[in-house]
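J.: Input: one structure, supplied below.
2 protein chains.
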Amino acid sequence: MQLMETPDQRLSALLARLRAHGHRLTPQRVAILRALVHDANHPNVESLHQRILAEFPTTSLATVYKTIALLKEYGEVLELGFGELGSRYDGRRPAPHPHLICTRCGAIRDPDPSGDAELVALVERLAGQTGFAVQSHRLDLFGLCSACRTTS
Amino acid sequence: MQLMETPDQRLSALLARLRAHGHRLTPQRVAILRALVHDANHPNVESLHQRILAEFPTTSLATVYKTIALLKEYGEVLELGFGELGSRYDGRRPAPHPHLICTRCGAIRDPDPSGDAELVALVERLAGQTGFAVQSHRLDLFGLCSACRTTS
DNA sequence: CTAGATGCAAACACTTTGCACCCTG
DNA sequence: CAGGGTGCAAAGTGTTTGCATCTAG
């Protein structure tokens, strides 16, 4: 059994999905998708844009925003909004899952997926008490990653 | 054993805390705190402002923001940021706890606190796997409240 | 009295939108 | 070669800030 798609497999799936819906695969768009699925640190729009500029120097921020909006329409990207601090994106695992957010260095990583089932059970239990029908959920843990914890 | 402070007890505690730190208790400020602890639906700044205007018609939005910022400094209000949709505030239970957010009517309510211990345990387990030191957390459930679920 | 609070408007950060031009399919 | 995509700048949203005026203690 395969535990997780490779970034390139994921990229192919996204490209196929867009193509199937009649969207064009422009070089900029492909580059944005590639950056999104290869970056494990849940990039924000600004850092995606920087990456794309290296390859396509005229790419605008608006194009990055529009491409992400397109992926959101198809439920293919998970948006982690942080108010005034902007949003970070997970293009690898679009289903809800917990995130570990380092308040010092800003890194965001996924915990091991082994606890996912337990989280879903807890979510359903919390909701069930009051007849709430859950559509989605979000669990964020804020703190210090192991690297930051051991550094002055 | 008392399960939860009454809103008025909570208000007194907040006023005492601010007074102890040398802050002035202006009528507007007291009104904002009162609105905050009496509103169980996690109000946003705009709705707090509307409430205050009824009593003090010249109150500005900036004053509401500043008062909330003050409470945040002392960890006496829980801010639930929702990106472009603005923030909602919980002045009754400033410690992290789950929220049930209705995507139809916008209501936000707390589930029964009985599951809190289990959530904390799960949080610590998810973090422990990778040596992450949790400072805080946030669990939001999005869906339909029981009223909205049974209405066309 | 005087430090701290208020209220207005301008400034801000992130995101979205309008529109002329461009290029994929 | 037609309709979707790009890129620029302008508009929007919620929030913050500067500063003159006011007021609680």
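Listed in order, the protein sequences are those of chains A and B.
Mapping of the first sequence onto the working numbering: residues 1 to 152, in sequence order.
Mapping of the second sequence onto the working numbering: residues 1 to 152, in sequence order.
All C-beta atoms, glycine included, are put in the ideal place defined by N, C-alpha and C.
1) Determine the DSSP secondary structure at A/L25, reduced to helix, strand or coil.
2) Can you check which of these residues, B/C105, B/F132, B/R109, B/A95, is closest to B/A117 by C-alpha distance?
3) Please work out which residues of its chain come closer than 6 Å, Cβ to Cβ, to B/R51, disregarding the five sequence neighbours upstream and downstream, and give them in chain order.
4) Whole angstroms is fine: what's the gap from B/Y89's alpha carbon to B/T103's?
5) For A/Q9, which three-state DSSP category applies?
6) If we cut at 8 Å on Cβ distances, does A/D90 have a partner in chain B?
7) State the Cα-Cα distance for the pair A/L148 and B/R138, rounded to the nearest angstrom.
8) Determine whether the Cβ of A/S40 lies closer than 8 Å to any Cβ atom of chain B.
9) Residues of chain A with CB closer than 7 Å to the CB of B/E118, please, in chain order.
10) In angstroms with no decimal places, state the Cα-to-Cα distance between A/E71 and A/V134.
11) Kindly indicate which residue of B/V120, B/N44, B/E76 has the alpha-carbon position closest to the one of B/G86.
12) Are the beta-carbon atoms belonging to B/L25 and B/L11 less than 8 Å from one another?
13) Given that a residue counts as buried once 16 or more other Cβ atoms are within 10 Å of its Cβ, and exposed if not, what is A/G75?
14) For a minimum of 4 consecutive residues, which ranges assigned as the alpha helix (DSSP H) are wholly contained in the stretch 43 to 93 of chain A?
T.: Short version:
1) coil
2) B/A95
3) A35
4) 17 Å
5) helix
6) no
7) The sequence as given places Cys at residue 148 of chain A; Leu does not occur at that position. Roughly 21 Å separates the two Cα atoms.
8) Note that residue 40 of chain A is Ala in the sequence shown, not Ser. No, A/A40 lies away from the interface with chain B (no Cβ there is under 8 Å from its Cβ).
9) L122
10) Inspection of the sequence shows that residue 71 of chain A is occupied by Leu rather than by Glu. The alpha-carbon atoms of A/L71 and A/V134 are separated by roughly 22 Å.
11) B/N44
12) no
13) exposed
14) 45 to 55, 61 to 73
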